[in-house]
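Notes follow the structure.
Residue numbers (the working numbering), protein chains in the order written: chain B, 50 to 230; chain G, 146 to 622.
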């Protein structure tokens, strides 16, 4: 091969290299990684609600049912100074009434998050951790997140709880409690 | 003329339209959807609380065994031990330097899921267990040194799992074991034979409510009487005869307190022996005849598990989880009676607190494990001078957190079991905690059942098993 041929080949490789990316296996969002909150690091500071670039944060409270106790008295649902254990607004911790509580059978109650109402403030998460099993925690919802190159919440997070996760496994779960019976 | 009339009409119409517009602007509200957060939106109006009617103590099984019960005088006869202070008297020395294998284990036994602790009396171990396969509460009696089950007496109680099932510790006195089950069924049996002596269903007798996550109160037996916090429609506390179960006295429930997970505290305050009960809604006391002495409803946590702690002749330390923190209640003589009021209160981030276990008092220093919502000190073992509350003067450190586990004081050291079943020994000296030993004893989770200790033997449990350790220095391998 002459020096000229080598230069030609090199030049051709440089031209064609970007097209090789077309044959790379692409993930759904077009990027390999996704911003996510590590629930074990999250300190529920409230910045997820206020720092996201979206009008309503892409961070939502999620409920890991396998860890929930289905209690009558849910410390994520009821605020500390609640008057009664009922669904009246003054008893509730969530500022937007985004948690729906439904009686299942004695002594169990189910708690569901209404993501349209949830603003990602983390108040219920803090309440759940103060007394409960930690079945409520914050996660970035993949369908809402713009997956910014530099996430504003990640920059503001005081606990370094924002991490990059593979886009095909975008959520981080808590370890459910062991049940031996 | 016509044009003038038309002009006037148009002006009137214009003014009228303007007025209408202003009126509309001022009064019109854009229609919007308002969802009212009503008290009943969870279908709880359909809730059916199943009545736990059962024939208490109806089932009995004696196990065929050659094991004989050894004479063994030391006892741990009830919740928090002989003096109800979680401090163990022991003449010998306990091993606090464990090798790889940990301290000597005498036996292990599987249990139904729960947190009920054991008691030790007359060479036997008693535990009020939940037997899953029979859907029954059962008082199980084991031989102390081998763990061989001698007998069990129980009754059907088909309850659902609600963070475990069993939570209470029996009480032994004068040859009788008294139990209070998850659904407030009281049962008294002969400690040796297991014969049923008497029973009482507190819900049926007093109209009380079964506490959330089932009953956690441990019966107090004193002076031949069983004293219980009932929190019923009319009765707050009652004393039953230990041998017969007959009612000796009842204290009226004038403030409508409900049953909590705390146990009745016997204490002498202002020179008067009292029974103190921390119920849901407040705290109250009566004298030894059941006459009401004082009530305080100024401090009322939603969930109250730790029993109050008498920190002086006039003061009680009150603490609870779920953000409640702690308070100091002062009791004073008031004419012929007593008056009680909250002297101090603080959040768990500001001072000593406890979610589940009752703290230990040693002299003027109180020891506790901080609750999960205590900020940087969460789940740490701490010490505080009761004269300087809420200041914390020592903590185990961020690498030594224990969750909701139990702890006792024996042979000059604290024996602390963490959630995961790791037993640690800590010495408190000159304002510092020093770890002497640590070993994983139990396999499971939620090792919250209080510890029993007698004569160098220690009974520990996790959510589904129980273990007996022999900690006497002279028997270690």
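We put the beta carbon where it would ideally sit given N, CA and C, even for glycine.
Buried versus exposed call for residue 155/G [16 or more other C-beta atoms within 10 Å across all chains shown]: Position 10 of the second chain holds residue 155/G. Under the 10 Å beta carbon count, residue 155/G is surrounded by fewer than 16 other beta carbons and is classified as exposed.
Contact set between residue 120/B and chain G, taken where Cβ atoms lie within less than 8 Å: As a working mapping, residue 120/B is identified with position 71 in the first chain. Those are 307, 308, 357 and 358, listed as they occur along chain G.
Same chain only: Cβ atoms within 6 Å of residue 75/B, ignoring 5 sequence neighbours per side: The sequence position of residue 75/B within the first chain is 26, counting from 1. Confidence at residue 75/B is low in this model, with a pLDDT of 48, below 50, so the placement of that residue should be treated as unreliable; the coordinate-derived value is given next. Closer than 6 Å at the Cβ level, and outside the excluded window around residue 75/B, lies no residue.
Proximal residues of chain B, C-beta to C-beta of residue 189/G below 7 Å: As a working mapping, residue 189/G is identified with position 44 in the second chain. 152, listed in chain order.
Helix, strand or coil at residue 60/B [DSSP, three-state]: Residue numbering aside, residue 60/B sits at position 11 when the first chain is read from its first letter. Here residue 60/B sits in helix by DSSP.
Through-space distance from residue 355/G to residue 336/G, alpha-carbon basis: Within the second chain, the letter at position 191 stands for residue 336/G. Within the second chain, the letter at position 210 stands for residue 355/G. Answer to the nearest angstrom: the Cα atoms are 27 Å apart.
Any 3 or more C-beta pairs closer than 8 Å across the segment 442-454 of chain G and the segment 464-476 of chain G: Flag = yes, the segment 442-454 of chain G and the segment 464-476 of chain G touch.
Listed by chain order, chain G residues near residue 158/B by CB distance under 7 Å: Reading the first chain from its first residue, position 109 is the one you call residue 158/B. Near residue 158/B (Cβ distances below 7 Å), the residues of chain G are 187.
Cβ neighbours of residue 557/G in the same chain (closer than 8 Å, five flanking residues each side left out): One-based indexing of the second chain puts residue 557/G at position 412. The beta carbon of residue 557/G is closer than 8 Å to those of 572 in its chain, skipping five residues each way along the sequence.
Which listed residue (68/B, 190/B, 180/B and 199/B) has its alpha carbon closest to that of residue 163/B: Counting from 1 along the first chain, the entry for residue 163/B is found at position 114. Residue 163/B has its Cα closest to that of 190/B, out of 68/B, 190/B, 180/B and 199/B.
Assigned secondary structure, residue 616/G (DSSP; H/G/I helix, E/B strand, else coil): For the purposes of this step, residue 616/G is taken as the residue at position 471 of the second chain. In the structure shown, residue 616/G falls within a coil segment according to DSSP collapsed to helix, strand and coil.
Within 7 Å of chain G by C-beta, residues of the segment 164-183 of chain B in sequence order: Answer in chain order: 178, 179 and 180.
Three-way DSSP call (helix, strand, coil) for residue 83/B in this model: Numbered from 1 along the first chain, position 34 holds the residue referred to as residue 83/B. Residue state, collapsed to three classes: strand.
Rounded C-alpha distance that separates residue 222/B from residue 109/B: Against the first chain, residue 222/B aligns to sequence position 173. Against the first chain, residue 109/B aligns to sequence position 60. Going from the Cα of residue 222/B to the Cα of residue 109/B covers about 14 Å.
Chain B contacts made by the segment 349-381 of chain G, where a contact means CB separation under 7 Å: Using a CB distance below 7 Å, the part of the segment 349-381 of chain G facing chain B consists of 357, ordered along the chain.
Contact residues within the segment 448-470 of chain G, judged by C-beta distance below 9 Å to chain B: Within the segment 448-470 of chain G, 448, 466, 467, 468 and 469 place their CB atoms closer than 9 Å to a CB of chain B, listed in sequence order.
Test: residue 322/G CB closer than 8 Å to a CB of chain B: Walking along the second chain from the start, residue 322/G turns up at place 177. Put simply, the CB of residue 322/G is far from chain B, with every gap to its CB atoms at 8 Å or more.
Residue 404/G and residue 424/G closer than 8 Å at C-beta: Within the second chain, residue 404/G is the residue found at index 259, counting from 1. Within the second chain, residue 424/G is the residue found at index 279, counting from 1. Less than 8 Å separates the beta-carbon of residue 404/G from that of residue 424/G.
Delimiting residues of the alpha helix (DSSP H) encompassing residue 179/B: Residue numbering aside, residue 179/B sits at position 130 when the first chain is read from its first letter. For residue 179/B, the enclosing alpha helix (DSSP H) covers residues 172-180.
When 302/G, 562/G, 554/G and 417/G are compared against residue 239/G, the one with the closest alpha-carbon: Along the second chain, read from residue 1 onward, the residue named residue 239/G stands at position 94. Of the residues 302/G, 562/G, 554/G and 417/G, the one whose Cα lies closest to the Cα of residue 239/G is 554/G.
Beta-carbon neighbours of residue 155/B, restricted to chain G and to distances below 9 Å: The residue given as residue 155/B occupies position 106 in the first chain. 192, 193, 194, 195 and 305, listed in chain order.
Chain B contact residues for residue 183/G, given Cβ-Cβ distances below 8 Å: For the purposes of this step, residue 183/G is taken as residue 38 along the second chain, with counting starting at 1. Result: 136 and 137.
Residue ranges of each alpha helix (DSSP H) within the segment 324-366 of chain G, 4 or longer: Here the runs fully enclosed are 347-351.
Min CB distance residue 518/G to chain B below 8 Å: What you label residue 518/G is simply residue 373 of the second chain in a count that begins at 1. Yes, residue 518/G counts as interfacial toward chain B.
For residue 260/G, the three-state DSSP class (helix, strand or coil): The residue given as residue 260/G occupies position 115 in the second chain. In the three-state reduction of the DSSP assignment, residue 260/G falls in the coil class.
Minimum Cβ-Cβ distance from residue 282/G to chain B less than 8 Å: On the second chain, residue 282/G is found 137 positions in, with the first residue counted as 1. So no, residue 282/G is outside the interface.
is_contact[residue 616/G, chain B] using C-beta, thresh 8 Å: Translated into the one-based positions of the second chain, residue 616/G becomes position 471. No, residue 616/G does not count as interfacial toward chain B.
Span separating the alpha-carbon of residue 486/G from that of residue 415/G: On the second chain, position 341 is the one that residue 486/G refers to. On the second chain, position 270 is the one that residue 415/G refers to. Whole-angstrom Cα-Cα distance: 14 Å.
Neighbour flag for residue 267/G against chain B, beta carbons, 8 Å: In the second chain, the residue the question calls residue 267/G occupies position 122. Taking 8 Å as the threshold, the shortest C-beta distance from residue 267/G to chain B does not fall below it.
For residue 617/G and residue 319/G, the rounded distance between their alpha carbons: Here residue 319/G refers to the residue found at position 174 when the second chain is read from its first residue. Here residue 617/G refers to the residue found at position 472 when the second chain is read from its first residue. Computed Cα separation, rounded: 27 Å.
Completely contained beta strand (DSSP E) runs for the segment 418-466 of chain G, where each covers 3 or more residues: The beta strand (DSSP E) runs lying completely inside the segment 418-466 of chain G and spanning 3 residues or more are 427-431, 437-441 and 460-465, given in chain order.
C-beta atoms of residue 411/G and residue 373/G nearer than 8 Å: Position 266 of the second chain holds residue 411/G. Position 228 of the second chain holds residue 373/G. No, they are not a contact pair.
Collapsed DSSP secondary structure at residue 515/G in the structure displayed: As a working note, residue 515/G is residue 370 in the second chain. DSSP places residue 515/G outside both helix and strand once states are collapsed to three, so it counts as coil.
Touching by the beta-carbon criterion (3+ pairs, under 8 Å), the segment 220-229 of chain G and the segment 264-276 of chain G: Contact holds: three or more Cβ-Cβ distances are below 8 Å.
Residue 466/G vs residue 180/B beta-carbon contact at 8 Å: As a position in the second chain, residue 466/G is number 321, starting the count at 1. As a position in the first chain, residue 180/B is number 131, starting the count at 1. Yes.
With 16 other Cβ atoms within 10 Å as the buried cut-off, status of residue 151/G: By one-based count along the second chain, residue 151/G stands at place 6. If you draw a 10 Å sphere on the C-beta of residue 151/G, you find fewer than 16 other C-beta atoms in it, and that means exposed.
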